[in-house]
Structure formats: C-alpha cells, structure tokens
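Here the structure comes first, spelled out in structure tokens, and everything after it is commentary.
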Amino acid sequence: MEIRTPSEIAMETVLSVQDYTILASQAVANVFRKPRYLADTLLQADSIGVGSLPVVVLAGMSIGAVLALQSSNTLQRFGSLSLTGQLVSLSMVRELGAVISGLMVAGRNASGIASELGTMKVTEQIDAMRALGTDPLKKLVTPRVIATTIMLFFLTVIADLVGLGGGWLVSRFALALDSNQYWTTAWQSLQFADVFMGLTKPLLFGFIIASVGCYYGLTAKGGTQGVGRATTQAMVSSSVMILMVDFFYTKLLMTLMHVH
Amino acid sequence: MGTTLSSPQAAAPPPNDSQKTIVFERVSIAFDERVVLDNVSFELGRGETKMLLGVLGSGKTTILKLALGLIKPDSGDIYVLGEHVNAMSEDLLFELRRKMGMVFQESALFDSLTVRENVAFRLIEEGMPPEEIERRVREALRFVELENTIEQFPGELSGGMKRRVGIARAIVDRPEILLYDSPTAGLDPVTSTTIIELLVKQRDVYHTSALMTTHRLPDTLIMAGNYFDVKENKMKPIPPGSSIDAGTTFLLLKDGKVIFDGTVEELAASKDEYIREYFA
Numbered sequence: 010m011e012i013r014t015p016s017e018i019a020m021e022t023v024l025s026v027q028d029y030t031i032l033a034s035q036a037v038a039n040v041f042r043k044p045r046y047l048a049d050t051l052l053q054a055d056s057i058g059v060g061s062l063p064v065v066v067l068a069g070m071s072i073g074a075v076l077a078l079q080s081s082n083t084l085q086r087f088g089s090l091s092l093t094g095q096l097v098s099l100s101m102v103r104e105l106g107a108v109i110s111g112l113m114v115a116g117r118n119a120s121g122i123a124s125e126l127g128t129m130k131v132t133e134q135i136d137a138m139r140a141l142g143t144d145p146l147k148k149l150v151t152p153r154v155i156a157t158t159i160m161l162f163f164l165t166v167i168a169d170l171v172g173l174g175g176g177w178l179v180s181r182f183a184l185a186l187d188s189n190q191y192w193t194t195a196w197q198s199l200q201f202a203d204v205f206m207g208l209t210k211p212l213l214f215g216f217i218i219a220s221v222g223c224y225y226g227l228t229a230k231g232g233t234q235g236v237g238r239a240t241t242q243a244m245v246s247s248s249v250m251i252l253m254v255d256f257f258y259t260k261l262l263m264t265l266m267h268v269h
Numbered sequence: 299m300g301t302t303l304s305s306p307q308a309a310a311p312p313p314n315d316s317q318k319t320i321v322f323e324r325v326s327i328a329f330d331e332r333v334v335l336d337n338v339s340f341e342l343g344r345g346e347t348k349m350l351l352g353v354l355g356s357g358k359t360t361i362l363k364l365a366l367g368l369i370k371p372d373s374g375d376i377y378v379l380g381e382h383v384n385a386m387s388e389d390l391l392f393e394l395r396r397k398m399g400m401v402f403q404e405s406a407l408f409d410s411l412t413v414r415e416n417v418a419f420r421l422i423e424e425g426m427p428p429e430e431i432e433r434r435v436r437e438a439l440r441f442v443e444l445e446n447t448i449e450q451f452p453g454e455l456s457g458g459m460k461r462r463v464g465i466a467r468a469i470v471d472r473p474e475i476l477l478y479d480s481p482t483a484g485l486d487p488v489t490s491t492t493i494i495e496l497l498v499k500q501r502d503v504y505h506t507s508a509l510m511t512t513h514r515l516p517d518t519l520i521m522a523g524n525y526f527d528v529k530e531n532k533m534k535p536i537p538p539g540s541s542i543d544a545g546t547t548f549l550l551l552k553d554g555k556v557i558f559d560g561t562v563e564e565l566a567a568s569k570d571e572y573i574r575e576y577f578a
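As they're listed, the protein sequences go chains A and B.
Position in the first sequence counted from 1, then plus 9, gives you the numbering used here.
Position in the second sequence counted from 1, then plus 298, gives you the numbering used here.
Here is the structure:
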C-alpha cells in the first residue's frame with residue numbers, strides 16, 4: 010500500500026472539497042438552465058421517494074413509539090405523563106423526523122446513486138454520454154438532486170405523522186393516556202418555528218444525500234472495487250454531513266428564531 | 299446522405315487539403331509526470347480514414363479523447379471542423395460533439411437502456427419527432443445488421459454485437475467525423491472482419507472522416523486493401539493496378555511521438571527499423 014505524506018492527504022482533501030463544491034453548485038445552477046429532464050426527475054422521485062417510503066414509515070413509527078415509552082418513566086416521576094404528546098410531537102417535528110428520514114434515505118439512496126453512477130463511470134458510459142453531446146451533470150446529477158430534495162421533504166412529513174401515531178399507540182395502549190389529551194398537547198405545543206425548523210432540514214439533507222452520492226459516483230475509479238469503495242464512502246460521508254449540518258443549522262435557527 | 303458505391307471507380311474521394319476535419323498542432327500531454335504525447339502534429343482530411351497505430355499505452359486513445367475535448371492538452375492546439383477545441387467551454391464542446399461519433403473499445407452502451415434507446419439516445423436529446431427517431435434507429439441497426447435486437451438490452455448481446463450497436467449509435471445522426479477506439483479488440487477473427495467490413499462500408503458509402511486506433515495489423519491491411527461494393531453489398535479487395543483510393547492512411551506512434559504519417563505504399567517503402575520491426 011502506498012504511503013502518503015500528511016501534506017499530500019491535506020491537498021487531496023482540499024481538492025475533493027473543491028471538486029464537490031463545483032459539482033454541487035453546478036447541480037443547483039442547472040436547475041435554472043435548459044435542457045430540463047422532467048421524465049428523469051420523475052423517475053428518480055419514484056425510485057427515491059416511493060421506494061424509501063416503507064423504510065421511513067417503519068423507522069418513524071418505531072422512533073415515535075420508543076420515544077413515548079422511554080420518556081413516560083421520567084415524566085411519570087414528575088407527575089407530567091400527560092405531556093407525552095407534547096414531548097413526542099416536539100422531538101419528532103423539530104428533529105427526529107428529518108434526521109431519521111435523512112439517515113434512512115442516505116443509507117438507501119446515497120449508496121445507490123454512487124454505485125449506479127460509479128458503474129457508469131468505470132464502464133465509460135459517462136464518457137460516452139459526453140461524447141454523444143449530453144452533459145452528465147444535467148442529465149444525471151440535477152434530476153437526482155431535485156428528486157431527492159423534494160421527496161425527502163414529503164418523507165419527513167410522513168415520518169413526523171407516523172411517529173406521532175406510534176407515540177399515540179404507546180400512550181393509548183401501554184400508558185392508558187386519553188387520546189384526546191395526547192393529540193391536543195401534541196398539536197398545541199407546536200409553534201411556527203418548530204415546523205419551519207423541521208421542514209427546512211429535509212431540503213438541506215436531501216441536497217446533501219444526492220450531491221454526495223453523485224460526487225462519489227462520478228469520481229469512482231479502479232473497477233468494481235472502486236465502485237464498492239465509492240458506495241461506502243457516499244453513505245458514510247452523507248450520514249456524517251447530515252448530522253453535522255443538523256447541529257449547526259439547529260443552532261443557527263434557535264438563535265435567529267429565539268427557540269428554546 | 300453520401301453517395302453510394304456501385305463500382306470500384308466510385309470509391310471514397312481522396313482527402314482535400316483545403317478541408318481538414320481534425321488538425322493537431324504540436325500537442326503534448328502528460329499524466330502523473332509520464333509524457334503520453336510529445337509534440338504530436340497531424341491532419342485528417344475530409345473523407346479520410348486515418349489508422350492510429352502503436353504499442354499499448356502509446357497514446358492512441360488519448361488522441362481520440364483530445365479530439366473530442368474530453369481531456370485538454372498541456373500544450374499545443376487542436377482544431378476540429380474549424381473549431382479550436384482546447385479553447386472551447388464545455389457547453390460549446392457539447393454542440394461540437396454532436397457532429398462527431400465515437401465507438402468505444404468496450405462499447406460503453408448504456409446498460410439500463412434497450413438497444414433502441416441506446417441508438418436513439420442522441421436523437422431523443424435533440425428533440426427529434428418519435429417517428430423520425432424510429433426510422434433513423436432502424437436504418438442504423440439495419441446498417442450493422444442487428445435490427446432484430448432492437449428490444450434487447452446490451453447485457454443480452456455478445457461482444458461483437460455490442461460493438462456493432464456501438465457503431466449504430468455513433469452513425470445514427472450522420473456525424474461528420476467518426477472516432478473508433480480499437481473496435482475489434484478482444485474479438486475473434488471472424489467477428490473482427492465483420493466489424494471491419496462495417497467500417498469499410500461506412501467509409502465508402504458515407505465518406506465519413508475517421509480516426510481509428512488499433513494494434514491489430516490485419517485489420518489495418520483489410521481497411522487499406524478493400525473497398526465496399528454496394529451492388530453486391532459486400533467488401534471486395536481492391537484489384538492490383540486499380541485507381542481506387544481507399545482513402546486510408548497510417549499514423550504510427552512511438553514514445554509519444556509520431557514516427558510515421560502516410561499511405562500504405564509509403565509505409566511499405568519505409569526503411570525505418572522500428573517500423574519494419576512493428577509490421578514484421
């Protein structure tokens with residue numbers, strides 16, 4: 010195995026960040042430039058959005074139910090079991106719905122996008138596309154970015170709703186709480202800032218998932234082994250980026266919107 | 299559409315010096331400090347087919363990628379159809395590439411698309427009406443004698459069939475220049491001859507300018523020594539003493555430099571030791 014110096018590693022990292030930034034900015038710029046690939050975008054929306062629905066529903070419901078179950082013990086100690094709905098609602102809408110959906114879609118689609126584009130890269134299909142006069146960024150990257158960004162928004166809304174549903178199931182049947190009380194506290198506790206925070210995060214996460222997946226796919230080299238490496242890197246990098254961006258974006262919004 | 303051949307006298311016209319389709323001027327490029335092309339200069343005339351020869355890693359495929367603008371040279375100038383390729387933006391290059399066709403060594407067919415969709419790819423991108431696309435796709439597939447595979451996926455085809463679909467995809471929009479990257483590499487002799495016959499047919503029927511890389515010497519000799527007879531729909535040897543000009547020239551690379559650029563007769567007459575050894 011080739012040994013690299015720290016300066017070489019640093020230079021490679023800076024170059025990778027630069028290349029990713031160029032790809033991501035071109036993907037955004039292409040949204041406003043012709044040709045637009047509506048059919049490809051719809052195809053990707055179906056594959057990414059509809060295809061991810063079962064896993065997002067399952068994860069959302071489990072998280073909502075576990076959240077109600079885990080918090081009930083603490084809330085009971087303070088005689089506040091009636092606030093279970095509020096706790097589940099705020100946690101799901103502000104944070105968990107978006108993050109869980111993002112991580113699930115990253116695991117499924119960042120790797121899927123990277124392996125698909127990576128295979129096209131190592132078999133010269135990307136070069137063939139360029140040789141045929143078609144821009145792979147417009148044809149392959151932008152439709153995936155648009156589709157993932159939009160579909161993750163709706164998946165997050167669904168994850169929030171089924172998470173609240175999961176919390177209700179536990180509250181109603183395990184904790185014997187009144188359904189009306191659960192939904193009332195869940196609904197009334199939500200402020201505009203909470204919903205805004207929870208529904209703008211998936212737009213960022215969706216963009217990260219697709220752009221990172223495309224970046225690793227289009228820079229794959231070294232045959233099937235290279236494609237495998239790109240697939241793993243895409244999933245890991247997009248998951249880490251989601252968690253990092255989540256922290257800083259949450260902090261920014263809490264400061265700007267005075268959320269406590 | 300180009301004129302068709304019915305007799306040896308109607309073979310491809312000789313390249314016209316005033317009409318250069320590709321010009322390389324002192325082009326150099328290195329990868330990881332390894333010089334691949336060093337001051338390479340040559341010209342491709344309209345209707346001419348130039349065979350790029352050289353050992354593995356001599357920079358043949360790099361020349362094709364440079365001509366397409368897929369990579370940029372470190373120095374020198376490249377002109378394609380009068381356009382200064384290395385000074386063009388990627389958007390302008392996409393326009394230029396639509397006038398060129400490329401056949402990749404491993405076909406590079408889109409594996410998730412059918413043969414029809416692969417061949418129609420460029421026409422769909424151009425927004426051509428569906429009926430016209432269907433007509434052109436069938437015409438191109440008929441040319442390579444694979445119309446019956448139109449609904450199949452590339453994974454269902456043999457290596458030789460994939461190359462032929464690759465040729466159909468390259469010629470479907472009637473490009474002014476064709477680039478063939480080792481179109482017979484890895485194929486058995488019979489399939490190779492079928493592919494070469496298609497290239498001779500394309501050369502003599504449509505008079506398309508072409509650059510072809512290869513390290514299979516028999517292929518180059520077939521290209522230079524045969525013409526396509528449209529009436530009989532088959533390739534025939536050029537009779538000795540005939541005035542037919544196959545319009546095929548040779549360019550030999552060694553250590554990144556051009557050591558020969560000329561006709562088959564000039565090649566045969568060469569006294570250069572390396573050239574004689576290469577063709578031995």
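From the three backbone atoms N, C-alpha and C, an ideal C-beta is built for every residue, glycine too.
Say whether chain B places a C-beta atom closer than 8 Å to the C-beta of residue i.
i              : result
A140 (chain A) : yes
T132 (chain A) : yes
Have a look at residue i and residue j and give me their C-alpha separation to the nearest angstrom.
i              : j              : result
T83 (chain A)  : G175 (chain A) : 19 Å
T14 (chain A)  : V245 (chain A) : 24 Å
L62 (chain A)  : T165 (chain A) : 10 Å
T76 (chain A)  : Q85 (chain A)  : Per the sequence shown, residue 76 (chain A) should be read as Leu rather than Thr. Roughly 14 Å between the two C-alpha positions.
K148 (chain A) : I159 (chain A) : 18 Å
A406 (chain B) : Y258 (chain A) : 42 Å
V498 (chain B) : T360 (chain B) : 23 Å
Y525 (chain B) : G539 (chain B) : 14 Å
A578 (chain B) : L354 (chain B) : 17 Å
L421 (chain B) : T347 (chain B) : 25 Å
L161 (chain A) : L146 (chain A) : 21 Å
R514 (chain B) : T482 (chain B) : 8 Å
E404 (chain B) : F205 (chain A) : 50 Å
E17 (chain A)  : S25 (chain A)  : 12 Å
V150 (chain A) : F256 (chain A) : 27 Å
Q242 (chain A) : Y225 (chain A) : 7 Å
I217 (chain A) : D517 (chain B) : 50 Å
G154 (chain A) : I327 (chain B) : Note on residue identity: the sequence assigns Val, not Gly, to residue 154 (chain A). Looking at the two C-alpha atoms, the distance is approximately 35 Å.
G560 (chain B) : G374 (chain B) : 22 Å
E445 (chain B) : V413 (chain B) : 9 Å
Spatial neighbours of residue i within its chain, please: CB distance less than 7 Å, with the 5 preceding and 5 following residues excluded, ordered by chain position.
i              : result
I109 (chain A) : A68, G69, I72, A168
G357 (chain B) : V334, L335, L551, G554
I431 (chain B) : A418, L421, I422
Is there a C-beta anywhere in chain A that falls below 8 Å from the one on residue i?
i              : result
M400 (chain B) : yes
R396 (chain B) : yes
F392 (chain B) : yes
Note down, in chain order, each residue of its chain lying with its Cβ closer than 6 Å to the Cβ of residue i, except the 5 sequence neighbours on either side.
i              : result
G94 (chain A)  : Y191, T194, A195
L477 (chain B) : L362, M400, L509
G232 (chain A) : V131
A54 (chain A)  : A156, M160
F402 (chain B) : D479
Grab me the residues of residue i's own chain with a C-beta within less than 8 Å of its C-beta, minus the 5 sequence neighbours each way, in chain order.
i              : result
N416 (chain B) : L407, F408, P452, V463, R467
K624 (chain B) : No answer is possible for residue 624 (chain B): the residues shown for chain B start at 299 and end at 578.
L199 (chain A) : S98, L99, V102
P311 (chain B) : At P311 (chain B), the pLDDT of 42 sits below 50, so the modelled position is not reliable and the matter cannot be decided from this model.
L394 (chain B) : G367, V378, L379, E381, V383, M386
M266 (chain A) : A202, F205, M206
Is there at least one Cβ from chain C nearer than 8 Å to residue i's Cβ?
i             : result
R13 (chain A) : In summary, chain C is missing from the structure at hand, where the protein chains are A and B.
At a Cβ cut of 7 Å, what residues of the segment 136-165 of chain A count as close to chain B, listed as they run along the chain?
Within the segment 136-165 of chain A, contact with chain B at the beta-carbon level (separation under 7 Å) is assigned to D136, A137, R139, A140, L141, G142, T143, D144.
Against chain A: residues of the segment 512-535 of chain B by CB proximity under 9 Å:
Result list empty, no residue passes.
Any residues in the segment 405-434 of chain B with a beta carbon nearer than 7 Å to a beta carbon of chain A? Which ones, in chain order?
Within the segment 405-434 of chain B, the qualifying residues are A406, F408, F419, R420, E423.
Taking a cut of 7 Å between CB atoms, which residues from the segment 353-382 of chain B lie near chain A?
So the close ones are L366, L368.
Three-pair Cβ contact test at 8 Å for the segment 112-125 of chain A versus the segment 228-248 of chain A:
Output reads yes: the segment 228-248 of chain A touches the segment 112-125 of chain A.
At least 3 beta-carbon pairs within less than 8 Å: the segment 33-47 of chain A vs the segment 125-141 of chain A:
With a cut-off of 8 Å, the segment 125-141 of chain A and the segment 33-47 of chain A do not count as touching, because too few Cβ pairs lie within range.
Pairing CB atoms from the segment 477-492 of chain B with CB atoms from the segment 451-466 of chain B, are three or more of them under 8 Å?
At 8 Å Cβ cutoff, the stretches touch.
Three CB pairs or more closer than 8 Å across the segment 511-525 of chain B and the segment 322-342 of chain B
By the C-beta criterion, the segment 511-525 of chain B is judged not to be in contact with the segment 322-342 of chain B, since fewer than 3 inter-stretch pairs fall below 8 Å.
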